[in-house]
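Asks:
Number of protein chains: 2
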Amino acid sequence: MAAAPVWSVDPRTGKQREQVAVEATPAEVDTAVRAAHEARGALADRAVRAAFLRTAADRLEAAREALVEAADAETALGPVRLTGELARTCYQLRAFAGIVDEGAFLDVVINHPDATATPPVPDLRRHKVPLGVVAVYSASNFPFAFSVPGGDTASALAAGCPVVVKAHPDHPALSELVAKVLRTAAAEHGIPAGVLGLVHGFDAGIELIKHPLITAAGFTGSVRGGRALFDAAAARPVPIPFHGEQGSLNPVVVTEAAAAERAEEIGAGLAGSMTMGVGQFCVKPGLVLAPQGEFGDRLIGSLMDAVSKVEAGVLLDHRMRDNFVAGVTERAKLPEVESPVTPGAGGEHTVGAGFLTVPAARLAEGGDHDLLLEECFGPVTVVARYTDDTEARAVLSRLPGNLTATVQLSAGEAAGEGLGVSILAELTPLAGRVLVNAWPTGVAVAPAQHHGGPYPATTSTSTSVGGTAIERWLRPVVYQNAPEALLPAELRDGNPLGLPRRFNGVLER
Amino acid sequence: MAAAPVWSVDPRTGKQREQVAVEATPAEVDTAVRAAHEARGALADRAVRAAFLRTAADRLEAAREALVEAADAETALGPVRLTGELARTCYQLRAFAGIVDEGAFLDVVINHPDATATPPVPDLRRHKVPLGVVAVYSASNFPFAFSVPGGDTASALAAGCPVVVKAHPDHPALSELVAKVLRTAAAEHGIPAGVLGLVHGFDAGIELIKHPLITAAGFTGSVRGGRALFDAAAARPVPIPFHGEQGSLNPVVVTEAAAAERAEEIGAGLAGSMTMGVGQFCVKPGLVLAPQGEFGDRLIGSLMDAVSKVEAGVLLDHRMRDNFVAGVTERAKLPEVESPVTPGAGGEHTVGAGFLTVPAARLAEGGDHDLLLEECFGPVTVVARYTDDTEARAVLSRLPGNLTATVQLSAGEAAGEGLGVSILAELTPLAGRVLVNAWPTGVAVAPAQHHGGPYPATTSTSTSVGGTAIERWLRPVVYQNAPEALLPAELRDGNPLGLPRRFNGVLER
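Residue numbers (this note's numbering), protein chains in the order written: chain A, 1 to 509; chain B, 1001 to 1509.
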């Protein structure tokens, strides 16, 4: 049987551009994983891997023009957005280099012997060590930031773990190009090319998750794809952690007082957030609870104005376009659902943005309308009109886990009047990021960031963005009664590496 | 169908003592979980739960005499050991109260807006919140420390999570008694009794892991039982974290130089560790790599002397006794396996300690001898005699994951001569705790402790003992652009609760 070809496709035309590669056979997946496994030692020195991450950022920036062009040809996301995304990706690589330098992620805890404890405590020194080779499953919608050089790869390399990436079929040529840049950067620090493996093909992705030398996996994509891989990871003879970010409905609550105060601003802000990147963000606001009545009507009017002006856009591939068109059509047919601006097919290769409205009561009671509580990838949102807080709360209680939950409050509510505090408390169980008077699109790279949420938003309690993303690829080890001469430098009393640590109960920073 | 009775059994005679309860029906499991779910709010205040944990320790200590008597009647572990274990358990509850007070586990990270970041960073404030109701599966071998009031329960309550315990069938009466004490302590702080549920029965344990309101589980027991529950947790519509501690082989390497220097001391130390608690510790050294030749022979001689003096002991139940007798018999029959002191049946209800020897080459090559690489619960160990380092290393490379790995070094090696450093590096991938010139039995309760290891030792990268055990029951949430008036006190700029935190990149303690 001939190896299946991997084509680069232009989403603006649906036409094949070039054959990039062939799908990896099981033997090729094995070779990639073994090469990554062999590269572990080259990442052992923290200084080397911090330097590698910085060089990777430098080399990506140096290749910006070619990379953005390659990315645009396969994703149609446009050079402005892609240039920004590449800058974000380089910023992220450097941020992880800083995290490696600081070393707080090693979580060093040292206890000297304590005969007064029950039972007595011997000399114990704990830190974290890399798990081993990490499998990364790229996303379609961020060809840099959540793909080959993205947060999963950056955080795994920062942790000291080589990576094998399963390329997303929507940008195979870019994936090859970026992998080459990263390997060049690795070579500058004496790190073998195997530190970053790249495989193409659906079956190769399954092989990868089952490989005995894979120790953990990161994934960004659909619930269906993520769950299949999660199940495979859990079913292995040796199960491994699977950190899947599977998308989200991202509910928004607009209070009556907020709508009274800022209906037009909220409508316009919502339009911008839900159509950004042609609605292809996992944090796109997909369900908005807005009040019935005059203020909510004003919000809808403003949303209509703004959304109807949005130009038709090209989705990442034609399968997504078909799914979007089918998805919005099916939703629009539900009883009592209206389409003030009808989403759906634009030109032959584009889609038009739009939104649906529905009485919140329909979502509170279950049944066919539950379809509206499922993510629909693309430029559409659902505005559920509620008559009172009880109805809004009933809808919230039926939502699955989310990456984000947002509330739009009035100035008074934001200052603590009325229901402000209680709404925040009600939204917290729903999501990993809770926003006030802001929009969920745009996930900042910052130490405090958390990009994850209750299932199905993610398959673990971890994050794929922000400083703590590194924690996913480490495990603790404690040394008991090990003499100073044998201890890693990280665990010596004198703290020669100047690490933040917990030393005999005292937090040293 | 009548509800199945739950009997308390005397392991010294195999006779039923009394009927304690009946096995929980699915409806009763549901009632327990819902009551626990309702108790979440009562644990929301950190000061309340710290006080509750301290009162729980006080009340357990006040009931010491009755508790130790009840525990001994069902486990035959003896009052000395059980008194010590209860003291450890109370120490652990108070240690977690201290951890709750300090609040470092909340992992507070605050970022003020930063327009210079790529993309710009908004106001982000992250901390950790409790997951919800936790299921705890008790172990047989530590009726206090890894049972109803043990580390899983203490850490879950400390995190703010109510608990439903699946009682171990080897000490149902004690489990009921302890649950009552803990609920009394809860009532003193206005916490409803539902905060600590208790259910009996194998099927109830399965119901529990599948219950939609269970958010995570802790388990200590066998690989078989742990894996079945892990699989059920992963197969749920909403999968949940399953932290299973499943036992371990706990390899020990004795270097030639160490044996030359301290053969007798090592033999005697090993005898003490492998027979402690009638060999019923999950960290019992189950495989010892000792050199061939004179020094190793001296070690064997010393081990023979010490083990042959150990009195026959009562195992926790008669099923374990049967398994032990069958397990050692099957192992002893393997080619080239010898039994310098034959382990096996003692009296009608007891077992005798012993050990087996085998050429290390047999373990390096796979086949029938792989049985010797599986844990055998009870007072037995296997000494594999190696001819050179290559052979010893070949055996190590074939081991599954372990809770502990130990090396006995000479004074010179411990000071850094010879292979000291490299042996430590080789043992690190095998286990979560690496010991030098010590024995793995005895798991201190300390901030630095890590009681977990690569699968099958544990099903996650977490620990069930030590300060970081609390991390298992929490998830991060970040607030974006939330005004001060709406923020939890933990996340306010002024740090009114005095928490350790990362504030605009600076670690504050």
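Quick reminder that beta carbons are idealized off the backbone N, C-alpha and C, glycines included.
Out of B:Phe1219, B:Ser1302 and B:Val1195, which has the shortest C-alpha to C-alpha gap to Ile1206 of chain B?
Replies: For the purposes of this step, residue 1206 of chain B is identified with residue 206 of the second sequence, where counting begins at 1. The option with the nearest alpha carbon to Ile1206 of chain B is B:Phe1219.
Asks: Does DSSP put Ala446 of chain A in a helix, a strand or coil?
Replies: For this step, residue 446 of chain A is matched to residue 446 along the first sequence. Coil at Ala446 of chain A, not helix or strand.
Asks: Compare the C-alpha of Arg298 of chain A against each of A:Val310, A:Glu265, A:Leu287 and A:Gly272 and name the closest.
Replies: For the purposes of this step, residue 298 of chain A is taken as residue 298 along the first sequence, with counting starting at 1. Among A:Val310, A:Glu265, A:Leu287 and A:Gly272, the Cα nearest to that of Arg298 of chain A is on A:Glu265.
Asks: If the criterion is Cβ atoms closer than 9 angstroms, does the pair Leu334 of chain A and Leu373 of chain A meet it?
Replies: Within the first sequence, the letter at position 334 stands for residue 334 of chain A. Within the first sequence, the letter at position 373 stands for residue 373 of chain A. Result no, Cβ atoms of Leu334 of chain A and Leu373 of chain A do not sit closer than 9 angstroms.
Asks: Mind checking Phe1096 of chain B: buried by the 16 CB within 10 Å criterion, or exposed?
Replies: Your numbering for residue 1096 of chain B matches position 96 in the second sequence. Answer is buried; the Cβ neighbour count reaches 16.
Asks: Please go through the same chain and pick out, in chain order, the residues whose beta-carbon is closer than 6 angstroms to the beta-carbon of Gly267 of chain A, but skip the five residues on each side of it.
Replies: As a working note, residue 267 of chain A is residue 267 in the first sequence. So the qualifying residues of the chain are Leu299, Ser302 and Leu303.
Asks: Please classify Ser1496 of chain B as buried or exposed, where buried requires at least 16 other C-beta atoms within 10 Å of its C-beta.
Replies: Stepping through the second sequence from its first residue, residue 1496 of chain B is reached at position 496. In the sequence as displayed, the identity of residue 1496 of chain B is Pro instead of Ser. Pro1496 of chain B comes out exposed.
Asks: Alpha carbon to alpha carbon, how far is Pro476 of chain A from Thr461 of chain A?
Replies: The residue labelled residue 476 of chain A in the question sits at position 476 within the first sequence. The residue labelled residue 461 of chain A in the question sits at position 461 within the first sequence. Near 17 angstroms, if we compare the C-alpha coordinates of Thr461 of chain A and Pro476 of chain A.
Asks: Can you pull the chain A neighbours of Leu1507 of chain B, defined as C-beta to C-beta under 7 angstroms?
Replies: Within the second sequence, numbered from 1, the residue matching residue 1507 of chain B stands at position 507. Ordered by position in chain A, the residues that pass the 7 angstroms Cβ test against Leu1507 of chain B are Ala104, Pro500 and Arg509.
Asks: Return helix, strand or coil for Tyr1512 of chain B, following the three-state DSSP convention.
Replies: The structure shown does not extend to residue 1512 of chain B, since chain B spans only 1001 to 1509, so no value can be given for it.
Asks: Taking the alpha carbon of Ala1259 of chain B as the reference point, which residue from B:Val1195, B:Ser1008 and B:Ser1410 has its own alpha carbon closest?
Replies: Taking the second sequence and counting its residues from 1, one reaches residue 1259 of chain B at position 259. Ala1259 of chain B has its Cα closest to that of B:Ser1410, out of B:Val1195, B:Ser1008 and B:Ser1410.
Asks: For Arg433 of chain A, return the contacting residues in chain B, with the cut-off set at a CB-CB distance below 7 angstroms.
Replies: Here residue 433 of chain A corresponds to residue number 433 of the first sequence, with the count starting at 1. The contacting residues are Val1478 and Gln1480.
Asks: Please work out which residues of its chain come closer than 8 angstroms, Cβ to Cβ, to Glu176 of chain A, disregarding the five sequence neighbours upstream and downstream, and give them in chain order.
Replies: Within the first sequence, numbered from 1, the residue matching residue 176 of chain A stands at position 176. Correct list, in chain order: Val20, Ala21, Ala167 and Leu198.
Asks: Against Arg125 of chain A, what residues of chain B qualify as contacts under a CB-to-CB distance less than 8 angstroms, listed in chain order?
Replies: In the first sequence, the residue the question calls residue 125 of chain A occupies position 125. Per Cβ cutoff of 8 angstroms: Ala1448.
Asks: Throw me the rounded Cβ distance for the His1349 of chain B and Leu1403 of chain B pair, which I believe falls under 8 angstroms.
Replies: Position 349 of the second sequence holds residue 1349 of chain B. Position 403 of the second sequence holds residue 1403 of chain B. Not a contact, Cβ separation roughly 29 angstroms.
Asks: Would you give the residue range spanned by the beta strand (DSSP E) that Ser339 of chain A belongs to?
Replies: Here residue 339 of chain A refers to the residue found at position 339 of the first sequence. That run of the beta strand (DSSP E) goes Glu338 to Val341.
Asks: How would you list, in chain order, the residues of chain A whose beta-carbon sits under 7 angstroms from the beta-carbon of Arg1517 of chain B?
Replies: A question about residue 1517 of chain B goes unanswered here, because the residues of chain B that appear run from 1001 up to 1509.
Asks: Using a Cβ-Cβ cut-off of 6 angstroms (strictly less than) and excluding sequence neighbours within five positions of Val1310 of chain B, which residues of its own chain qualify?
Replies: Taking the second sequence and counting its residues from 1, the one referred to as residue 1310 of chain B is at position 310. These residues qualify, in order along the chain: Thr1275 and Ala1353.
Asks: Identify the residues that DSSP records as bridge partners of Gln1546 of chain B: which are they?
Replies: This structure gives no information on residue 1546 of chain B, because the portion of chain B shown stretches from 1001 to 1509.
Asks: When you compare the CB of Tyr91 of chain A with every CB in chain B, is at least one pair closer than 9 angstroms?
Replies: In the first sequence, residue 91 of chain A corresponds to position 91, counting from 1. By this cut-off, Tyr91 of chain A is an interface position.
Asks: Going by alpha carbons, who is nearest to Ala217 of chain A out of A:Pro239, A:Val395 and A:Ala394?
Replies: By one-based count along the first sequence, residue 217 of chain A stands at place 217. Nearest of A:Pro239, A:Val395 and A:Ala394 to Ala217 of chain A, Cα basis: A:Pro239.
Asks: Could you pull out every residue in the same chain whose Cβ sits closer than 8 angstroms to the Cβ of Arg1040 of chain B, ignoring the five residues on either side in sequence?
Replies: Taking the first residue of the second sequence as 1, we reach residue 1040 of chain B at position 40. If we look at Arg1040 of chain B and ignore the five residues flanking it on each side, its Cβ neighbours are Pro1130, Gly1132, Val1133, Gly1160, Cys1161 and Pro1162.
Asks: For the beta strand (DSSP E) that contains Lys309 of chain A, what are its first and last residues?
Replies: What you label residue 309 of chain A is simply residue 309 of the first sequence in a count that begins at 1. Taken as a continuous stretch (DSSP letters only), Lys309 of chain A belongs to no beta strand (DSSP E), as it is neither H nor E.
Asks: State yes or no: is the beta carbon of Arg34 of chain A nearer than 9 angstroms to at least one beta carbon in chain B?
Replies: Within the first sequence, the letter at position 34 stands for residue 34 of chain A. No, because no Cβ of chain B sits closer than 9 angstroms to the Cβ of Arg34 of chain A.
Asks: Among the candidates B:Phe1202, B:Glu1336 and B:Gly1327, whose CA atom is the shortest distance from the CA of Ala1004 of chain B?
Replies: Mapped onto the second sequence, residue 1004 of chain B falls at position 4. The candidate whose alpha carbon is nearest that of Ala1004 of chain B is B:Phe1202.
Asks: Would you say Asp1107 of chain B faces chain A, with C-beta separation under 9 angstroms as the test?
Replies: In the second sequence, residue 1107 of chain B corresponds to position 107, counting from 1. Yes, its Cβ sits closer than 9 angstroms to a Cβ of chain A.
Asks: When DSSP labels each residue in this structure, what does Arg236 of chain A get in the three-state scheme?
Replies: The residue given as residue 236 of chain A occupies position 236 in the first sequence. DSSP places Arg236 of chain A in coil when its eight states are reduced to three.
Asks: Exposed or buried, what is Val358 of chain A when buried is set at 16 or more other beta-carbons lying within 10 Å of its beta-carbon?
Replies: Reading the first sequence from its first residue, position 358 is the one you call residue 358 of chain A. With 16 or more other Cβ atoms within 10 Å, it is buried.
Asks: How many Å lie between Ala76 of chain A and Gly14 of chain A at the Cα?
Replies: Taking the first residue of the first sequence as position 1, residue 76 of chain A is located at position 76. Taking the first residue of the first sequence as position 1, residue 14 of chain A is located at position 14. Answer to the nearest angstrom: the Cα atoms are 11 angstroms apart.
Asks: Classify Ala1263 of chain B: buried if its beta carbon has 16 or more other beta carbons within 10 angstroms, exposed otherwise.
Replies: Position 263 of the second sequence holds residue 1263 of chain B. With 16 or more Cβ atoms within 10 Å of its Cβ, Ala1263 of chain B is classed as buried.
Asks: Suppose only complete runs of 3+ residues qualify. What are the beta strand (DSSP E) ranges in the stretch 1372–1433 of chain B, listed by chain order?
Replies: Whole beta strand (DSSP E) segments, 3+ residues: 1380–1386 and 1402–1408.
Asks: Please state whether DSSP places Asp72 of chain A in a helix, a strand or coil.
Replies: Taking the first residue of the first sequence as position 1, residue 72 of chain A is located at position 72. Asp72 of chain A: helix per DSSP, three-state reduction.
Asks: At a Cβ threshold of 9 angstroms, is Arg1319 of chain B touching chain A?
Replies: For the purposes of this step, residue 1319 of chain B is taken as the residue at position 319 of the second sequence. No, Arg1319 of chain B does not count as interfacial toward chain A.
Asks: From the DSSP secondary-structure annotation, give me the bridge partner or partners of Val1165 of chain B.
Replies: Locating residue 1165 of chain B in the second sequence gives position 165, counting from the first residue. Its beta-bridge partners are B:Val1136 and B:Leu1198.
Asks: What are the uninterrupted segments assigned as beta strand (DSSP E) that are 3 or more residues long and contained completely in the stretch 1452–1499 of chain B, given in chain order?
Replies: Listed in chain order, the complete beta strand (DSSP E) runs (minimum 3 residues) inside the stretch 1452–1499 of chain B are 1474–1480.
Asks: Taking only beta-carbon positions, decide if Gly1494 of chain B is within less than 9 angstroms of chain A.
Replies: Position 494 of the second sequence, counted from the first residue, corresponds to residue 1494 of chain B. So no, Gly1494 of chain B is outside the interface.
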